[in-house]
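Structure record follows, encoded as structure tokens.
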Amino acid sequence: MINLKLPIYNHFINLNNYTYKHRNLNSQPKKRTMSGKSSWAELVGVRGEEAAKIIKKENPHVNPIIIRPCQQAITHDYRSDRVRVIVGRHEKVVLPPAIG
0 MINLKLPIYN
10 HFINLNNYTY
20 KHRNLNSQPK
30 KRTMSGKSSW
40 AELVGVRGEE
50 AAKIIKKENP
60 HVNPIIIRPC
70 QQAITHDYRS
80 DRVRVIVGRH
90 EKVVLPPAIG
């Protein structure tokens, strides 16, 4: 049997140089309100790279991320600083990009 002692300091757990911050799983995340545009339905059919540039120009508070569903897993968490630009086979936007 291996006796493993984990040092715990100020709500942080250090495991082999990786630090994990303790958080209460019952608490609700704080939602930040951001100014600027929040959805871009007019970008459906536009190339993904071009759509990302337009989104960043119209709302500098968000980070557009190009998603290729066949190649990447998509998380289901909500982030007020992220816009997913979902592209199809021909690198064109297939769903309206929106904050989340």
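Quick note: the sequence shown uses numbering that gives the first Met the number 0, first residue 0, plus one each step.
Ideal placement from N, C-alpha and C gives every residue a C-beta, glycine not left out.
Just so it is clear, the structure is predicted and the values come from calculations on it, not from any experiment.
Report task. Report the residue from GLU90, ASP76, VAL82 whose alpha carbon sits nearest the alpha carbon of ALA57. Result -> Per the sequence presented here, residue 57 reads as Glu, with Ala not at that position. Among GLU90, ASP76, VAL82, the Cα nearest to that of GLU57 is on VAL82.
Requested in this report: Assign ALA50 to one of two classes, buried (16 or more other C-beta atoms within 10 Å of its C-beta) or exposed (fewer than that).
Outcome: buried
Query raised in the report: What is the DSSP secondary structure of ALA97, reduced to helix, strand or coil?
Result: strand
Query raised in the report: So, is GLY47 buried or exposed, given that buried needs 16 or more other C-beta atoms within 10 angstroms?
Result: By the beta-carbon neighbour count (other beta carbons within 10 angstroms, threshold 16), GLY47 is buried.
Query raised in the report: Quick one: Cα of PRO68 to Cα of LYS52, how far?
Result: 20 angstroms
Query raised in the report: Alpha carbon to alpha carbon, what distance is there between HIS60 and GLY35?
Result: 8 angstroms
Requested in this report: Kindly indicate which residue of SER37, ILE65, LYS55 has the alpha-carbon position closest to the one of VAL93.
Outcome: ILE65
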